[in-house]
Amino acid sequence: MHGARTNGTSSTVSADTNGTTPGPISINKIPKSLDREMDGKFDKMAIKSTNRVRSIDAAGISLVNGSVEDSGGLGRGKRKVRRVPIKESSGSEDSDAPLNKRRRTSNGIKKENGVKQESSSDDDVPLAKKSAAKRRNVPSPTVKREKKPPALLAGDSSDSDIPLAAVKLAKDKQRTEQKAVKTAKEIRAEENKSATAAGTKRKSVGNANTSEPAKKAGKAPPKKANGVKKEESSDDDVPLAKRRKNVVQKPVESTKKAAAGKKSKDVDTKPVAAKGKGKAKEETPAEADEEEEEEYKWWENQAETDGTQKWTTLTHNGVLFPPPYELLPKHVKMKYTGVEVTLPLEAEEVAGFFGAMLDTQHASNAIFVENFFKDFQTILKQHGGAKGPDGKNISIQSFQKCDFKPMYEYFEEKKAEKKALGTVGRKALKVEKDKAEEKYLYCYLDGRKEKVGNFRVEPPGLFRGRGEHPKTGMVKARVQPEQVTINIGKEATVPAPPPGHKWADVIHDNTVTWLATWKENINGNIKYVMLAATSSLKGMSDFKKFEKARELKKHIDRIREDYARDLKSELMADRQRATAMYLIDKLALRAGNEKNDDEADTVGCCSLRYEHITLEPPNIVVFDFLGKDSIRFYQKTPVIPQVFKNLKIFKKAPKTRGDMIFDRLDTTQLNKHLQNYMPGLSAKVFRTYNASWTMQEQLDEILNQGTIHEKYAAYNLANKKVAILCNHQRTVSTTHETMMQRQEDKIKGLRYQKLRLKRMILSLEPNRKKKNPAFFKPDPEIDDEEWIKEHQVSLIEQERDRITKKFEKENEKLRENREKELKDKELKERLQVIKEMEAEFKAENKTGKIEPKRGATVEKLEGQIQKIEERIKKQETEAQVREDNKTVALGTSKINYIDPRLTVMFCKKYDVPIEKIFAKTLRDKFKWAIESADEDWKF
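Shown next, in the form of structure tokens:
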């Protein structure tokens, strides 16, 4: 290692253990002079700034796309939807903090050019020399409050880049975090109180049968690990394997009654004594087996999920391989320089992959094409090369001279043939496909029938990847049985591999949940065949994930207080770790891992490099890098001044492009530090915790009133806030405008139906127009004669298509049953209704009236109008939600990060059908949540 640089911020390492040069490495301690230098710069920047949110921790509030409104129209200035009232927060912003937490402006503040600034004199004092009391009183960034000039709060005279909507979101976020701090302290206080009471009770019983918990009652004062105080009476920080055996794991609050009343299924046929009168019904083994087959409610038997063994017996039928490749017809060949060439089977298959994608955007992607052609040439050489019509070898060296169009046209013909099969033909193909897959659909786990998830081995093809993946276009090789390892019970029959093949290995590992595994050739990733999302093991995994996030709420205040303190640590490693924790907690960044040279250059917080962040004074950080799945992460957000200063220090020269920001931190070190607060805690738990906790707070503010559609809109608004605060953003879909236009046309069509019903009423009671002429006018959205005539033409075309398709479907069914088909004369007779519609529309446009159908009354027509108005409101609400959430990934939050029991609680409490929010697949996946949470459940 060379000596430290003269600026005192970094040193360089000649080479690491792998022989590569990592660039400058930050020195161990941050000099006081550097802290003072940076503080001076911040004071000058703060004088020039009139940032509205200077005293609010607005990290995670995106400034990229301007303000993020809570509600709004469709962007067309016409449609408005009544919102479900949201409870207003009482009091001023500062009133949310306790009196003893409010910032005193008289102490620790100095004036510079007449503007009050925070003194930085205390920043340079080493932590070891500060008193313990002073460290405890350092305000956390989540509870920090300052008085603000009224003009800045109102937004009247500020030139800030922070929009008012972002300020409101920042305040909401800060209030949520303050409540989290309060809740964590209350939970620990209650647990300590309960533990103390339990200890007192044990002492009063005597020492006849002294238990292990009783021995712990008189243990020594709590120790500190890495500065984290261990709770004296709490069992939370003890690893699960070492917890007291006589303490039963606490079940979910809402499942206590169900668990208490559940009959034991491992008892023989002995009757269970019932309390009170009568005897318990004797249960036969057959009845017990039938009940077990119907449903296994694992969430009511949490004790069964302890330990590392996942199963006792496991039986399955292996994996389903894709069918072997079939050669193309002899007349379908790739051309090279205009000449047809014959390719080896393996190379023809690869050429066909590209030919089938000729009309996609991938075929015009330079990286995709380069990777494909390189692999294509390699496969050609391995299998003898291409041959011309004369049988001589042809050297294929230029992609531009290749013509894949004959292959593309052949595949298009096959698509058209499949489409022309009709309903009957497609059903027959599906039946054949289902029959081939039937035996792979289920396995038997401990005697229970469980659904298998991805039992199909992925077929070969061209790798596409997400985002700007550097390996896009590479050939995904066909997986052979010799690459597949089977995991199955010892007593089970091993599934037979395809004829002529054998498995790579057969193991009996009951500590894992996968059934088969192999390695794919593109990124070297290990692929697994797992149980379906609806299975008990998958459900347990989800349950434990959300329970771990719930456990974090007990410790979140200590974690935030500690990293807020360490943001000013004189040790570079501690300051980097604290800054990373701040970004992971506030911005929902992923932790990030080091990547090999042959992997996509995706990064997370710990692997950020110099070029990935840009600092804009006074406190705006711009993040720009490839995140998970090579999707670009671009975020512009304010951070607290200390974090901004730290990032400036971490980027200070001699660091430059390619150098690590957090050069003294990796995910392993970070997660090891987090283990001191709570067993099993890692950086990724913060995303789940923040999403679920924020959602709970948002749902608590919704008033239980309005229609189902309005409540659904309120839920989506809450979900949207969570997605924004947790940074679950997405790009606007290319089909968004088309979908919005289609929905708007549908709404206008409903308005026209309503107008026609009113015109029928006018035919029954002509005098009503004089009494209420406004009632019979078209809605403003369709008050256009030209549009009405165009819509009438489209209605006629729709009816013609409907009649024609119905006629063709009936004939198809007759052919299937070998019956006589309907003649074209029948179709012409049915199409007579089109002429009647044309005449009716013509009369309507002339008179403004429509003859009602037989039996119609004014009352019935008014009832139909009311139903159509409800449908219009529903469609408008859905359109509003679609427009409002076009840049927000609601699904990411709802499926992966928000505890599903919160959604269940909302639906039960607000009488909203669960089908409105969870589709069938999600209802199956989260069955445990639907049956275990009630309307009073809390995260």
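Per full-length UniProt numbering, residue 1 is the first one in the sequence shown, and the count goes up by one each step.
Backbone N, C-alpha and C define an ideal beta-carbon position, used for all residues, glycine too.
Discussion item. Using a Cβ-Cβ cutoff of less than 7 Å, which residues in the same chain neighbour residue 494 once the five nearest sequence positions on both sides are dropped?
Written reply: 486, 488 and 506
Discussion item. Pairs of beta-carbons, one from the region 465-481 and one from the region 513-527, closer than 8 Å: are there three or more?
Written reply: yes
Worksheet item: Any idea what DSSP makes of residue 448, helix, strand or coil?
Response: strand
Worksheet item: What is the rounded straight-line gap between the Cα of residue 408 and the Cα of residue 548?
Response: 51 Å
Fill in: Through-space distance from residue 656 to residue 135, alpha-carbon basis
With a pLDDT of 35 at residue 135, under the threshold of 50, the predicted position of this residue should be treated as unreliable, though the coordinate-derived value follows. Cα to Cα, residue 135 sits roughly 35 Å from residue 656.
Item to complete: Compute the Euclidean distance between the alpha carbons of residue 481 and residue 515, then round it to the nearest angstrom.
Response: 14 Å
Discussion item. Can you look up residue 402 in the DSSP assignment and give me helix, strand or coil?
Written reply: strand
Discussion item. Quick check on the burial criterion: 16 or more other C-beta atoms within 10 angstroms. Buried or exposed for residue 940?
Written reply: The chain is shown from 1 up to 939; residue 940 falls before or after that span and cannot be answered.
Worksheet item: Three or more beta-carbon pairs under 8 Å between the region 337-347 and the region 376-396, yes or no?
Response: yes
Worksheet item: Can the beta-carbon of residue 898 be found less than 8 Å from the beta-carbon of residue 722?
Response: yes
Worksheet entry | Spatially closest choice to residue 365 from 191, 470 and 405, by CA coordinates | 470
Practice prompt. Rank 446, 461, 331 and 428 by C-alpha distance to the C-alpha of residue 406 and give the top, closest one.
Written response: 331
Practice prompt. Could you pull out every residue in the same chain whose Cβ sits closer than 7 Å to the Cβ of residue 461, ignoring the five residues on either side in sequence?
Written response: 353 and 476
Practice prompt. Could you tell me if residue 398 is buried or exposed, where buried requires 16 or more neighbouring beta carbons within 10 angstroms of its beta carbon?
Written response: exposed
Worksheet item: Where does residue 677 sit, in a helix, a strand or coil, going by DSSP?
Response: coil
Worksheet item: If we count Cβ pairs, one from each stretch, closer than 8 Å, do we get three or more for the region 443-452 versus the region 309-326?
Response: yes
Discussion item. Which residue wins for smallest C-alpha separation from residue 339, given the options 715, 322, 329 and 394?
Written reply: 394
Fill in: Test item: CB-CB of residue 532 and residue 431 under 8 Å
no
Practice prompt. Would you mind working out which of 777, 320 and 821 sits nearest residue 438, comparing C-alpha positions?
Written response: 320
Worksheet item: Can you tell me whether residue 428 is buried or exposed, with buried defined as 16 or more other CB within 10 angstroms of its CB?
Response: exposed
Discussion item. Pairs of beta-carbons, one from the region 659-673 and one from the region 554-562, closer than 8 Å: are there three or more?
Written reply: no
Fill in: Beta-ladder partner(s) of residue 386, from DSSP
394
Item to complete: Using the DSSP secondary-structure output, state which residues sit across from residue 342 in a beta bridge.
Response: 387
Worksheet item: Taking the alpha carbon of residue 631 as the point to measure from, which residue in 804, 846, 728 and 511 has its own alpha carbon closest?
Response: 728
Fill in: With 16 other Cβ atoms within 10 Å as the buried cut-off, status of residue 323
exposed
Worksheet item: Just reading off the beta strand (DSSP E) that residue 750 is part of, what are its end residues?
Response: Counting along the chain, residue 750 falls outside any beta strand (DSSP E), though it belongs to the alpha helix (DSSP H) covering 736-764.
Discussion item. I believe residue 831 touches residue 800 by the beta-carbon criterion, under 8 Å. Please report the beta-carbon distance rounded to the nearest angstrom.
Written reply: 7 Å
Discussion item. Any heavy atom of the ligand MG inside 7 Å of the beta-carbon of residue 924?
Written reply: Although the ligand MG was asked about, the structure shown includes no ligands whatsoever.
Worksheet item: Are residue 421 and residue 695 close, meaning C-beta to C-beta below 8 Å?
Response: no
Worksheet item: Is the Cβ-Cβ distance between residue 552 and residue 678 less than 8 Å?
Response: yes
Worksheet item: Smallest Cα separation from residue 855: which of 885, 761, 812 and 572?
Response: 761
Worksheet item: Out of curiosity, what's the CA-to-CA distance linking residue 325 and residue 675?
Response: 51 Å
Worksheet item: What three-state label does DSSP hand residue 695 in the structure shown?
Response: helix
Worksheet item: From residue 919 to residue 845, what does the alpha carbon distance come to, in whole angstroms?
Response: 43 Å
Discussion item. Is it buried or exposed, residue 772, if we count other Cβ atoms within 10 angstroms and call 16 or more buried?
Written reply: exposed
Discussion item. Need the endpoints of the beta strand (DSSP E) that residue 943 sits in, please.
Written reply: No answer is possible for residue 943: the residues shown for the chain start at 1 and end at 939.
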